[in-house]
Amino acid sequence: MNFVRKHITVLAGLFVYVLLYAVAALRYEGFFSLPVFINFLSNNAVLGIVAVGMTFVILSGGIDLSVGAVMSFSSVVIGVLVMDLHWNVYAAIAASVVCGTALGAVMGAIIHATGIKPFIVTLAGMFFVRGLAFLIHLESISISDPRHTAIALASVGALPVTAVLFLGFVLVGWYVAVLTPFGREVYALGGGEEAALLMGLPVRRTKIAVYAVSGFCASFAGAALTFYLSSGSHLEGVGMELDAIATVVIGGTLLAGGVGSVFGTLIGVLMLGLILTSITTYEGMMSSGMTRVAIGGLLLAFVLLQKVLTRRAGVGRAT
C-alpha cells in the first residue's frame, strides 16, 4: 500500500499509457508490433536522454531551460572536432560531454551562490550556450567520419544504438536515483531545502551535481543526435527543454519536486512517441500542430490528475 501511495503519479502515467496503447493497437493495423515499439524508443532517444537529466533537476525542485542549447552545442562541438580538427570520434564525444557537464555545474553553482531562481539562470545559460555554438561554427556541419558512421549504424539485436543509449541512461538514472546516497539527497532537496539543511545533507554539492548531471545528459544527447542525423546542428535543440519538461511531468514527476522517478520518465517518452506516431504516421497529419495540441492537452490533464491523486494519497513534497 505504501508503494502505491509513494508512486501513485507514476502508476497513473503507466495506466494511461497502456490504455492509449491498447486503443491505438485496436484502431491501427500493425501498431501492436515490435518494430513500432522499437521506433518509439529510437525516434525519441535523444529527447529521452535529455529527459533523464531533467528528471533529477525537477526532483530536486529546480528547472533547467538550457538543455536544448547544451544538446545542440554538443553536437556542433563534435562535428567541428571530428571534421575540422580530425579528432578521434570518442575523444570528441568525451570533450563535448566534459564541456556540457561543466556548463551545468557552473549554472548550479550560480543558482546556489546567488539565490537567483533556476528559471532565470538556466534561461541565461540557454542564450549563452546557443550563442557559443554559433561562435564555434556558423552553420550545421555534416559528419562523414567512417568511425562515427560505424557507431551510428551499430545495433544490439533489433535495437539501434540510439535506443540502446537511451535505455542505458534510464537504467543508470534509476539506479542512481533509487539506490545511491546522491539519489536520496536529490529527493530530500526536492522535499524542501531548509529541511535538507537541518538534516545535515550537502545541499550545495547536491544542487551543483544535479545541474551537472543535467548538462551531462544533454551533452550526451548531442552525441546521440549526431548518430541520428550524421551532423551537428544548431537548430535541433530549439524547444527541446519544454518537451523534456513535459515528458518528465507526464511520467509522474511533480514540478514541485520530491516525487517521481526515472522509470516514469521512460513512460512519458513512450507516451509522446505513441502520440507522435499515431498522428503523423497512422493519421497522416504531417503538420506538428495537432501533435502539439495533443501534448499540451495531455500535459495539462496530467498536472491536474497529479494534483488530485497526491491530495487523496497524502503524498507531499517530503515523499
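Just so you know, we're using the numbering used here here: the sequence shown kicks off at 3 and counts up by one.
Even glycine gets a Cβ: it sits at the ideal position worked out from N, Cα and C.
All values derive from a computational prediction rather than experimental measurement.
Just measuring C-alpha positions, the residue of V271, L307, I210, V91 sitting nearest T124 is I210. The shortest CA-to-CA distance from V108 to any of I145, H236, G192, F218 is the one to F218.
When the Cα atoms are used, V52 and T164 turn out to be separated by approximately 13 Å.
Under the criterion of beta carbons closer than 8 Å, L49 and A246 qualify as touching, at roughly 6 Å.
When secondary structure is reduced to three states using DSSP, I143 falls in the strand class.
Of all C-beta pairs linking the region 193–204 to the region 26–44, fewer than three are shorter than 8 Å, placing the two stretches out of contact. For S216, the secondary structure class from DSSP, reduced to helix, strand or coil, is helix.
Between the C-alpha atoms of A303 and A296 there is a straight-line separation of about 10 Å. Just so you know, the alpha carbons of A126 and I112 end up roughly 11 Å apart. Annotated three-state conformation of V108 is helix, per DSSP.
Excluding sequence positions up to five before and after G15, its CB lies within less than 8 Å of the CB of I252, G253, G254, G266, I269, G270, M273, F304, all in the same chain and listed in chain order. Residue pairing for S157: DSSP places it in a beta bridge opposite P162. Inter-residue distance for M73 and A220 is about 5 Å (C-alpha atoms, whole angstroms). The C-beta of T103 has 16 or more other C-beta atoms within 10 Å across all chains shown, which makes the residue buried. Secondary structure note for M273: its alpha helix (DSSP H) is the uninterrupted segment 264–278.
By the beta-carbon neighbour count (other beta carbons within 10 angstroms, threshold 16), L300 is buried. D86: not part of any alpha helix (DSSP H); DSSP gives it neither H nor E.
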